[in-house]
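These protein sequences, in sequence, are chains C and F. Position 44 (the first sequence) corresponds to 44 in our numbering; numbering is contiguous. Position 288 (the second sequence) corresponds to 1288 in our numbering; numbering is contiguous.
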Amino acid sequence: MRAVDSGDSVLMARMAAGDDEALAEVWQRHGPLVYGLARRLTGNASTAEDVTQEVFVTLWQQPERFDANRGSLRAYLGVHAQRRAVDALRRDGRRAEREERHHRMGSAVGSASGDAAEATALSDVVRDAIARLPGEQRQAVELAYFNGLTHREVATTLGIPEGTAKSRLRLAQAKLQSWLDRNLLELV
Amino acid sequence: MNAPRHDDNPLAELHFALAEADAQHPPTGLRETVLDAALAARTAGRPVDEPSPISPVEGFRRAVASFDRLLGTLDDEEWNRPALRDLDVQRLVGHLTGVERDFLTGMFDPDGVQIQSDHIASTDPIAAAQIGRSPAETYDQWRAATDATIDALAGVDTSARLDQPASLHGLHMSLGHLLVARTFELWTHEEDVRRATRRPLQAPDTASLRLMTELAITLLPVAMSRADRPVGDRSARIVLTGPGGGTWQTALGTAFGAEPADSRPEGPVSVRIVVDAVEFCRLVANRADPEALAAVVTGDTSLASDLFAGLTTLALD
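So, in structure tokens, the structure goes:
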């Protein structure tokens, strides 16, 4: 038999075929990111759990909506986590200001540019910005961005603790925010 | 894991790559809560775009109609193209006429005593008889034979008759399963003609394909036994992707019949195989090279190779 890529598109094809083990694998790989994003954006553990559940249940019910040609599964889940978190905030009227801020951010990050030339130009800008990062931070970002690794995988690949991997990504994030469009990259 | 594409929205990709810094271990119990909620919303094992089921009789009718449409597009020269073994398209259609006549006999002869057990030897005379005939005569003869089968199947769709035993060329199974095997055969020979006449290959409609994949999975233990592959108590989890697919888990050495994946049989799975449903059917039809099959295999790869080799023995040809 011929070995084939077992990346995002195969995972989602398995889900479409009813393979619940694929769902468990996606949870194992991206559950911490979805929950972490939801926790950070909503500021509430219980709401974050609800958001996380909604994201994964919807993914299992409608796996065919993911298109590997348009981006990674991580970004797809991240966009959905962000939108669900915004919806949760919207349901809580006391958080109107926070909602508005995240709504703007969610819209900007979640929508594809639709313009290939613009996307290519942005790609170049991102590459240039990453290249300017200090060595250790650049290594971590390159693994996460270009290779699609999770924070755990970045840590394993670099032989460093998970906390150190996160710190390097966070430091890189602060620098990239100052170099790129702040609204698109900020998380809080 | 391949690198993801960032063509559409590189900033979003960077945004969520950096968001890995915010990843947190979910609270204890959330994994089970989420997975349980997901499986309550959609059952495991079933494809997301599962077609409305059709009866084996309807699957057979559709396969006949599809083959008929293809034959209607062939010119005289194409009827003479080499198609399979030493048969040209015309003699291949003659072979199918022979199969049709034997099938009609086998429907009422569950012990298979009235027809030869060899699929090819039994139909060779009628295939050879096409030499010197016009394609129209060959077509008319095949169409009359299939019409006779379809007439004999009238009223069978919903009856218990589908569960009754039938036989064909050494195969002994229920009439329903035999009809799906015939659907498989007609589609396979339709693809033989398409290859011979340089037409694009065409998957069966999704509902028919689902019948075919279910039958092939059900026959896995038979395939392993036919191929004389010892499997002991090993089991396989098969994920067939794309239209007509699904997920099954089956013990390979025991009785005939796979379990749907949501039934979660006990014991570890020996091998997990992910492959496109149509390619899987081509393998079962012995029209795909097991060595070239694009499959994701984890676990006992040698068992997977045995399984693929065993599946090719199910083909009638």
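Yeah, the Cβ is synthetic: ideal placement off N, Cα and C, and Gly gets one too. All values derive from a computational prediction rather than experimental measurement.
Proximity below 8 Å, CB of residue i to CB of residue j
i	j	result
residue 55(C)	residue 81(C)	yes
residue 1203(F)	residue 1310(F)	no
residue 1245(F)	residue 1277(F)	yes
residue 18(C)	residue 1247(F)	yes
residue 1167(F)	residue 1111(F)	yes
residue 1105(F)	residue 1115(F)	yes
residue 60(C)	residue 1040(F)	no
residue 1234(F)	residue 1293(F)	no
residue 1182(F)	residue 1103(F)	yes
residue 1063(F)	residue 150(C)	no
residue 1018(F)	residue 172(C)	yes
residue 1089(F)	residue 1077(F)	no
residue 1070(F)	residue 1185(F)	no
residue 1013(F)	residue 35(C)	no
residue 1141(F)	residue 1097(F)	yes
residue 51(C)	residue 84(C)	yes
residue 125(C)	residue 180(C)	yes
residue 1031(F)	residue 1150(F)	no
residue 1021(F)	residue 133(C)	no
residue 22(C)	residue 33(C)	no
Status (buried if at least 16 other CB within 10 Å, exposed otherwise) for residue i
i	result
residue 1025(F)	exposed
residue 78(C)	buried
residue 1201(F)	exposed
residue 1268(F)	exposed
residue 20(C)	buried
residue 1082(F)	exposed
residue 47(C)	buried
residue 1208(F)	buried
residue 1009(F)	buried
residue 120(C)	exposed
residue 107(C)	Per-residue confidence for residue 107(C) stands at a pLDDT of 49, beneath the threshold of 50, marking its modelled position as unreliable; the derived number appears in the next sentence. The residue is exposed, with fewer than 16 neighbouring Cβ atoms inside 10 Å.
residue 1250(F)	buried
residue 1193(F)	buried
residue 53(C)	buried
residue 1243(F)	buried
residue 1055(F)	buried
residue 1152(F)	exposed
residue 1145(F)	buried
residue 1075(F)	exposed
For residue j and residue i, the rounded distance between their alpha carbons
i	j	result
residue 1052(F)	residue 140(C)	49 Å
residue 148(C)	residue 137(C)	15 Å
residue 1198(F)	residue 143(C)	46 Å
residue 1270(F)	residue 1230(F)	14 Å
residue 89(C)	residue 42(C)	7 Å
residue 1222(F)	residue 1238(F)	16 Å
residue 1057(F)	residue 1215(F)	14 Å
residue 1273(F)	residue 1285(F)	18 Å
residue 75(C)	residue 1291(F)	35 Å
residue 153(C)	residue 30(C)	11 Å
residue 1211(F)	residue 1148(F)	23 Å
residue 1169(F)	residue 1316(F)	9 Å
residue 123(C)	residue 1195(F)	44 Å
residue 1139(F)	residue 1187(F)	17 Å
residue 127(C)	residue 1241(F)	35 Å
residue 159(C)	residue 67(C)	33 Å
residue 129(C)	residue 166(C)	19 Å
residue 1275(F)	residue 1047(F)	14 Å
residue 1109(F)	residue 1029(F)	58 Å
residue 1016(F)	residue 44(C)	20 Å
residue 1086(F)	residue 1282(F)	20 Å
residue 164(C)	residue 25(C)	24 Å
Residues near residue i by beta carbon distance below 8 Å, same chain, minus five either side
i	result
residue 1129(F)	1094
residue 37(C)	78, 81, 82, 85, 187
residue 1100(F)	1142, 1145, 1146, 1148, 1149
Own chain residues within Cβ distance below 6 Å of residue i, not counting five before or after
i	result
residue 73(C)	8
residue 1164(F)	1175
residue 1091(F)	1127, 1130
residue 1306(F)	1229
Sequence-distant residues of the same chain with beta carbon closer than 7 Å to residue i, five excluded per side
i	result
residue 1136(F)	none
residue 1122(F)	1098, 1102, 1115, 1116, 1169
residue 64(C)	16
Heavy atom of the ligand COA within 7 Å of residue i beta-carbon
i	result
residue 1210(F)	Among the components modelled here there is no ligand, and therefore nothing to report on the ligand COA.
Practice task
Taking a Cβ distance cut-off of 8 Å, strictly less, list which residues of the segment 1203–1221 of chain F are near chain C, in chain order.
Solution key: none
Handout entry: Residues in the segment 1022–1039 of chain F having any Cβ partner in chain C nearer than 8 Å
Key = 1022, 1023, 1024, 1025, 1026, 1027, 1030, 1031, 1033, 1034, 1035, 1037, 1038, 1039
Problem - Contacting positions in the segment 1042–1067 of chain F - beta carbon closer than 8 Å to chain C - result: 1042, 1043, 1044, 1045, 1046, 1047, 1048, 1049
Problem - Cβ-based contacts, 8 Å cut-off: residues of the segment 39–53 of chain C near chain F - result: 39, 40, 45, 49, 52, 53
Problem - Chain-ordered residues of the segment 1236–1254 of chain F with a beta carbon less than 8 Å from chain C - result: 1237, 1239, 1240, 1241, 1242, 1245, 1246, 1247
Handout entry: Residues in the segment 1078–1100 of chain F having any Cβ partner in chain C nearer than 9 Å
Key = none
Practice task
Give, in chain order, every residue of the segment 1007–1021 of chain F whose Cβ lies closer than 8 Å to some Cβ of chain C.
Solution key: 1007, 1008, 1009, 1010, 1011, 1012, 1013, 1014, 1015, 1016, 1017, 1018, 1019, 1020, 1021
Exercise for the section: Could you list the residues in the segment 144–155 of chain C with a C-beta less than 9 Å from some C-beta on chain F, going in chain order? Expected result: 144, 145, 146, 147, 148, 149, 150, 151, 152, 153, 154
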